[in-house]
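Colleague: In order, the protein sequence lines correspond to chains H and D.
Be aware that the first sequence starts at 1, since it is given in the numbering used here, and climbs by one per residue.
Be aware that the second sequence starts at 342, since it is given in the numbering used here, and climbs by one per residue.
For every residue, glycine included, the Cβ atom is placed at its ideal position computed from N, Cα and C.
Structure provided below as structure tokens; questions to follow.
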Amino acid sequence: MKVTIDNITLEVEQGTTIMQAARQIGPEIAPPAMCYYEPLKASGGKCRGCLVKVTAGSEKDPRPMPKLVPACLTQVQDGMIVENTINEEVLETRRGIVEFLLLNHPLDCPVCDQAGECHLQDFSFEHGVSNTRTAEERNTFEPTDLGPNIQLHMNRCILCYRCVYTADQITDGRVHGVMNRGDHAEISTYIGKAIDNDFSGNIIDVCPVGALTDKTYRFKSRVWFSKPVEAHCDCEKCSGQVTLWYKGDEVIRVTGRKNQWGEVKEFICNTCRFDRKKTAEWTIDGPTQISRHSVISANKYGANLIQPTFPISQAARDYKLINDDRDRSFLTDQIKLEAKK
Amino acid sequence: MKILTEHIDVPGIETIDVFCKHGGYQAVEKAIKKMTPDEVTEEVKKSGLRGRGGAGFPVGMKWSFLAKPEGIPRYLVCNADESEPGTFKDHYLMWKSPHTLIEGMIVSSFALGANTSYIYVRGELMYVIHILEKAIQEAYDKGYLGKNILGSGYDLDLYVQPGGGAYICGEETALLESLEGKRGNPRIKPPFPAVKGVWQCPTVVNNVESIAATSWIINHGGDAYAAIGVGRSTGTKLISASGHIRKSGVYEIPLGITVEDFIYSDEWCGGIRDGHKLKAVVAGGSSVPILSAEMILNTADGEKRLMTYESLSDGGFATGTMLGSGGFIVMDETTCIVHNTLTFARFYHHESCGQCSPCREGTGWMDKVIYRIEHGKGRKEDIDLLVDVAKKIEGNTICPLGDAAAWPVAAAIRHFRDEFEWHIEHPELAIQPGAVYMRPGASWAQ
Numbered sequence: 001m002k003v004t005i006d007n008i009t010l011e012v013e014q015g016t017t018i019m020q021a022a023r024q025i026g027p028e029i030a031p032p033a034m035c036y037y038e039p040l041k042a043s044g045g046k047c048r049g050c051l052v053k054v055t056a057g058s059e060k061d062p063r064p065m066p067k068l069v070p071a072c073l074t075q076v077q078d079g080m081i082v083e084n085t086i087n088e089e090v091l092e093t094r095r096g097i098v099e100f101l102l103l104n105h106p107l108d109c110p111v112c113d114q115a116g117e118c119h120l121q122d123f124s125f126e127h128g129v130s131n132t133r134t135a136e137e138r139n140t141f142e143p144t145d146l147g148p149n150i151q152l153h154m155n156r157c158i159l160c161y162r163c164v165y166t167a168d169q170i171t172d173g174r175v176h177g178v179m180n181r182g183d184h185a186e187i188s189t190y191i192g193k194a195i196d197n198d199f200s201g202n203i204i205d206v207c208p209v210g211a212l213t214d215k216t217y218r219f220k221s222r223v224w225f226s227k228p229v230e231a232h233c234d235c236e237k238c239s240g241q242v243t244l245w246y247k248g249d250e251v252i253r254v255t256g257r258k259n260q261w262g263e264v265k266e267f268i269c270n271t272c273r274f275d276r277k278k279t280a281e282w283t284i285d286g287p288t289q290i291s292r293h294s295v296i297s298a299n300k301y302g303a304n305l306i307q308p309t310f311p312i313s314q315a316a317r318d319y320k321l322i323n324d325d326r327d328r329s330f331l332t333d334q335i336k337l338e339a340k341k
Numbered sequence: 342m343k344i345l346t347e348h349i350d351v352p353g354i355e356t357i358d359v360f361c362k363h364g365g366y367q368a369v370e371k372a373i374k375k376m377t378p379d380e381v382t383e384e385v386k387k388s389g390l391r392g393r394g395g396a397g398f399p400v401g402m403k404w405s406f407l408a409k410p411e412g413i414p415r416y417l418v419c420n421a422d423e424s425e426p427g428t429f430k431d432h433y434l435m436w437k438s439p440h441t442l443i444e445g446m447i448v449s450s451f452a453l454g455a456n457t458s459y460i461y462v463r464g465e466l467m468y469v470i471h472i473l474e475k476a477i478q479e480a481y482d483k484g485y486l487g488k489n490i491l492g493s494g495y496d497l498d499l500y501v502q503p504g505g506g507a508y509i510c511g512e513e514t515a516l517l518e519s520l521e522g523k524r525g526n527p528r529i530k531p532p533f534p535a536v537k538g539v540w541q542c543p544t545v546v547n548n549v550e551s552i553a554a555t556s557w558i559i560n561h562g563g564d565a566y567a568a569i570g571v572g573r574s575t576g577t578k579l580i581s582a583s584g585h586i587r588k589s590g591v592y593e594i595p596l597g598i599t600v601e602d603f604i605y606s607d608e609w610c611g612g613i614r615d616g617h618k619l620k621a622v623v624a625g626g627s628s629v630p631i632l633s634a635e636m637i638l639n640t641a642d643g644e645k646r647l648m649t650y651e652s653l654s655d656g657g658f659a660t661g662t663m664l665g666s667g668g669f670i671v672m673d674e675t676t677c678i679v680h681n682t683l684t685f686a687r688f689y690h691h692e693s694c695g696q697c698s699p700c701r702e703g704t705g706w707m708d709k710v711i712y713r714i715e716h717g718k719g720r721k722e723d724i725d726l727l728v729d730v731a732k733k734i735e736g737n738t739i740c741p742l743g744d745a746a747a748w749p750v751a752a753a754i755r756h757f758r759d760e761f762e763w764h765i766e767h768p769e770l771a772i773q774p775g776a777v778y779m780r781p782g783a784s785w786a787q
């Protein structure tokens, strides 16, 4: 099945969504995903951040789709032509979505544990505008206690429903959900029940913002001061494949291993996440590969070790798009100027 | 010409005996004994009946889209969750004449091959639910419902389900979620209900009025129904008229009368209340664009505007509106459009389900900005901000509630921008109780 996204044509299998096809091309083309989470069934379609323009529905029926469609849920048809980063309507709508998501977001990044690995930060940095048009007071919520391990900051929540799907699909009983309607909708538990389940900690990993954070890690460090290291252990409950976050010699946090898109590869159990915080309990596999874009990589590794999964010509194109100061020197600028003359 | 409300004032019409005396349940006898389901569908297609819930999608076409896989049950769900501000026609019909709906339900379910059907009634109408349940019991006793209806071998069970009081559950997929006992969040389409509806089975969701009209179509034929009305707007429509008119209430009109006739003739609304002039009309329930007096009476081409789907939407949203669900709200010159828009925006802010971000955040934002303008704290840039927010909500949401929230705000600014500007420029005047800006030279100016 052939699909063209931003003038790049590729062959995909039947049943692939536009998002999956775009991700095969690369991060420069892939639409942002605030609510879609590939390992979770039925996720997506809520944040509307991935809306794209379909200028031709398929080979048979080349009419354009009247509205923008969510890339995470729309399946590719043979001969479909999609415009994402080259369509001004899409980009304008995306700016609007950033504005909507930030409208009631407290913007307390300086004290938020998620800052540095927050998808909303990335999303607004890449697609938003720098000024704000709102003069209204932001909505706030009463704090809810979710138990000893998980901290809920409802003010930061963007209602992506990922934690709800995680509890439905990973744990054996969901006790939290969305209460109320509209902009008063909030994540809460049924009459103040604590979330107590062997795999409940995964809702921290799936949360795109700082709404759900690890209580054992709270205020211990900024993420960019900690060093991520891949490790595994022999766990009877889960795969034991984790990322350890070191500050000095101390493990300050354990999370699941995440892929390029910030999605965990394997869900881990609460024992691994909250209780195994000694190096002796783990077998170290090596340093975690961190994207050069990420602030976490700052001052840690010499070069970007992530290998592109797309053709090398594509990689070359993307390489130019990476606006990295380390790739530019005073000398190269001089050479370019000379060449221009 | 009256179809649904012909016998509505007959005393005791809510009982099955009186209803049958006035020709009730003949359509059931005719359809089940003499016709095949396909013939019934064909007749409805011929009638040109369009969905009366708001979108105006042809009913016969919707029925023919229903997936019919072997061994999987099909369902008919009647959408009686009428919650649109300004619309109260279904309430009136079910309350006065419940058997009209039940008869239509039996005929429609037979056409679709549904053996279980639901009527989803908004929870606030508890007394209507009791009326419907009593009527359904009567129909069971007479053998029009239950096993082996009229000896034909066709079984049908009919249930009434009260809603929980959310406007969003009038959206068909949210209604199905609510019917299943879940939180009433709209589903993401596709798959459409015709393929995967209630309990993941093929389902048709129709408005009360559409279903009720099918029995008349079976009795008199689709062609007779199509003969009423103009062009693609066939048959009659219940209009809930409210506001500053002499006689408010539910009227059954043949589609195709002029708007002027409807407002001013004594047969319908009877004109604007004494000593006042028409200023603006919301023609189809709160979610459709508001139009000023000149625009609602005449189209952009200078022709008289008719009460039809096409004529009301003539000129797109620049100069037109929509027939919608038929909630006809008339306003005279004492109405402040900013205040009216605030009321609508507040409603949609309150009723947004909160699932997708443009609607969740955008409705609240619009509400707060209009509140500021109305209360004398508006900024000059607020009007353009509202237009831009409305534009970014429209079409980008999961369900049509986003559009419904954006349209009234965008239209009020489009046609009454001077009122918003006056509120911002003269806050000290605007916050006076009952203060209304009078447009110089307007037809409603005193």
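(1) So that I know if they touch, is there some Cβ in chain D lying closer than 8 angstroms to that of CYS47 of chain H?
(2) Using the beta-carbon count (16 or more within 10 Å), is PHE458 of chain D buried or exposed?
(3) Could you tell me which residues DSSP pairs with ASN547 of chain D in its beta bridges?
(4) Are the C-beta atoms of ASN304 of chain H and some chain D residue less than 8 angstroms apart?
(5) Name, please, each residue of chain H whose Cβ falls closer than 8 angstroms to the Cβ of PRO699 of chain D.
(6) Opposite MET672 of chain D in the DSSP bridges: which residues?
(7) For the segment 101 to 124 of chain H, which residues have a CB atom closer than 7 angstroms to at least one CB atom of chain D, in sequence order?
(8) Using CA coordinates, which residue listed in D:VAL730, D:GLY522, D:PRO531, D:ILE529 is at the minimum distance from TRP540 of chain D?
(9) Below 8 angstroms between beta carbons: does that hold for ASP723 of chain D and ILE714 of chain D?
(10) Count the other CB atoms within 10 Å of the CB of TYR500 of chain D; is the residue buried (16 or more) or exposed (fewer)?
(11) Along the segment 726 to 744 of chain D, what residues have a CB closer than 9 angstroms to any CB found in chain H?
(12) Flag this pair as touching only if the segment 526 to 543 of chain D and the segment 353 to 366 of chain D have three or more C-beta atom pairs under 8 angstroms; answer yes or no.
(13) If contacts are defined as beta-carbon pairs under 8 angstroms, then SER628 of chain D and ALA745 of chain D qualify, I think. What distance do you get, rounded to the angstrom?
(14) Give a yes or no on whether the C-beta atoms belonging to VAL242 of chain H and VAL254 of chain H are separated by under 8 angstroms.
(15) Does SER490 of chain D come out as helix, strand or coil in the three-state DSSP assignment?
(16) Mind reading off the beta-carbon distance from PHE451 of chain D to ALA372 of chain D? Whole number of angstroms is fine, and I expect it under 8 angstroms.
(17) Excluding the 5 residues flanking LYS721 of chain D on each side, which residues of the same chain have their C-beta closer than 8 angstroms to its C-beta?
(18) Smallest Cα separation from PRO70 of chain H: which of H:ILE203, H:GLY79, H:PRO62, H:VAL90?
(19) In chain order, which alpha helix (DSSP H) runs of at least 4 residues are fully inside the segment 637 to 712 of chain D?
(20) Can you round the beta-carbon distance between ASN548 of chain D and ARG393 of chain D to whole angstroms, since I take them to be within the 8 angstroms contact cut?
(21) Using the C-alpha atoms, what's the distance from THR675 of chain D back to PRO62 of chain H?
(22) Got a sec? Which residues, its chain only, sit under 8 angstroms from PHE658 of chain D by beta carbon, not counting five neighbours each side?
(23) Just by C-beta distance, which residues in the segment 674 to 694 of chain D are closer than 8 angstroms to chain H?
(24) Between which residues of its own chain and GLU281 of chain H is the CB-CB distance below 8 angstroms, once the five residues before and five after are set aside?
(25) When the Cα atoms are used, what is the spatial distance from CYS50 of chain H to GLY612 of chain D?
(26) Could you check which residue in H:ARG276, H:LEU159, H:ALA167 has the C-alpha nearest to that of THR216 of chain H?
(27) Roughly how many angstroms separate the alpha carbons of GLY614 of chain D and ILE580 of chain D, rounded to a whole number?
(28) Using 8 angstroms as the threshold, is the segment 180 to 194 of chain H in touch with the segment 143 to 157 of chain H, meaning 3 or more CB pairs across them?
(29) Please list the terminal residues of the continuous beta strand (DSSP E) segment that includes TYR468 of chain D.
(30) Counting only the same chain and skipping the five closest in sequence on each side, list residues whose C-beta sits under 6 angstroms from that of VAL671 of chain D.
(31) Let's see if you can read the secondary structure: which residues bound the beta strand (DSSP E) around ILE447 of chain D?
(32) Looking at the C-beta of LYS258 of chain H, does it have a partner C-beta in chain D at a distance below 8 angstroms?
(33) Would you report the Cα separation of THR93 of chain H and LYS733 of chain D, rounded to the nearest angstrom?
(34) Quick check: CYS207 of chain H and CYS238 of chain H, are their CB atoms within less than 8 angstroms of each other?
(35) Considering TYR37 of chain H, what are the terminal residues of the alpha helix (DSSP H) in which it resides?
(36) Between LEU40 of chain H and GLY256 of chain H, what straight-line distance do the alpha-carbon atoms span, to the nearest angstrom?
Modeller: The answer reads as follows:
(1) So, interface residue.
(2) The sequence shown places Ser at residue 458 of chain D, not Phe. With 16 or more Cβ atoms within 10 Å of its Cβ, SER458 of chain D is classed as buried.
(3) ASN547 of chain D is bridged to D:CYS419.
(4) With a pLDDT of 48 at ASN304 of chain H, under the threshold of 50, the modelled position of that residue is not reliable, and the figure given next carries that caveat. Any Cβ of chain D closer than 8 angstroms to the Cβ of ASN304 of chain H would place that residue at the interface, and such an atom is absent.
(5) Using a Cβ-Cβ cut-off of 8 angstroms, PRO699 of chain D is close to ARG48, GLY96, ILE97, PHE100 of chain H, given in chain order.
(6) DSSP lists D:ALA621 as partners of MET672 of chain D.
(7) Residues LEU101, LEU103, ASN104.
(8) Just measuring C-alpha positions, the residue of D:VAL730, D:GLY522, D:PRO531, D:ILE529 sitting nearest TRP540 of chain D is D:GLY522.
(9) Judged by their CB atoms, ASP723 of chain D and ILE714 of chain D are nearer to each other than the 8 angstroms cut-off.
(10) TYR500 of chain D should be labelled exposed.
(11) Taking 9 angstroms as the Cβ-Cβ cut-off against chain H, the residues of the segment 726 to 744 of chain D that qualify are LEU726, ASP729, VAL730, LYS732, LYS733, ILE734, GLY736, ASN737, THR738, ILE739.
(12) A contact between stretches requires three or more CB pairs, one per stretch, nearer than 8 angstroms, and the segment 526 to 543 of chain D fails this requirement with the segment 353 to 366 of chain D.
(13) With 8 angstroms as the limit, SER628 of chain D and ALA745 of chain D qualify as a contact, their Cβ atoms being about 3 angstroms apart.
(14) The answer is yes: Cβ separation under 8 angstroms.
(15) Checking the displayed sequence, the identity of residue 490 of chain D turns out to be Ile instead of Ser. In the structure shown, ILE490 of chain D sits in a helix (DSSP, three-state: H, G or I).
(16) Confirmed, about 6 angstroms.
(17) Correct list, in chain order: ILE765.
(18) Of the listed residues, the one whose Cα sits closest to PRO70 of chain H is H:VAL90.
(19) Here the runs fully enclosed are 650 to 653, 657 to 660, 678 to 692.
(20) About 5 angstroms; that satisfies the 8 angstroms criterion.
(21) Cα to Cα, the separation comes out at about 51 angstroms.
(22) Hits under 8 angstroms: PRO630, TRP748, ALA751, ALA752, ARG755.
(23) HIS690, HIS691, GLU692, SER693, CYS694: these are the residues of the segment 674 to 694 of chain D whose beta carbon lies less than 8 angstroms from some beta carbon of chain H, given in chain order.
(24) Cβ neighbours of GLU281 of chain H within its own chain (closer than 8 angstroms, five residues either side excluded): CYS233.
(25) Rounded to whole angstroms, CYS50 of chain H and GLY612 of chain D show a C-alpha spacing of 50 angstroms.
(26) Nearest to THR216 of chain H by C-alpha distance, out of H:ARG276, H:LEU159, H:ALA167, is H:ARG276.
(27) The residue asked about is misnamed: residue 614 of chain D is Arg in this sequence, not Gly. Taking the straight line from one Cα to the other gives about 19 angstroms.
(28) Contact between the segment 180 to 194 of chain H and the segment 143 to 157 of chain H is present: three or more C-beta pairs spanning the two stretches fall below 8 angstroms.
(29) Judged by DSSP secondary structure, TYR468 of chain D falls outside any beta strand (DSSP E) and instead within the alpha helix (DSSP H) spanning 467 to 483.
(30) Result list for VAL671 of chain D: GLY584, HIS585, ILE586, VAL622, in chain order.
(31) In this chain, ILE447 of chain D is not harboured by any beta strand (DSSP E); it is covered by the alpha helix (DSSP H) spanning 439 to 453.
(32) False, the Cβ-Cβ gap to chain D never drops below 8 angstroms.
(33) Roughly 6 angstroms separates the two Cα atoms.
(34) Taking C-beta atoms as the reference points, CYS207 of chain H and CYS238 of chain H fail to come closer than 8 angstroms.
(35) Bounds of any alpha helix (DSSP H) do not take in TYR37 of chain H, whose DSSP letter is neither H nor E.
(36) Going from the Cα of LEU40 of chain H to the Cα of GLY256 of chain H covers about 15 angstroms.
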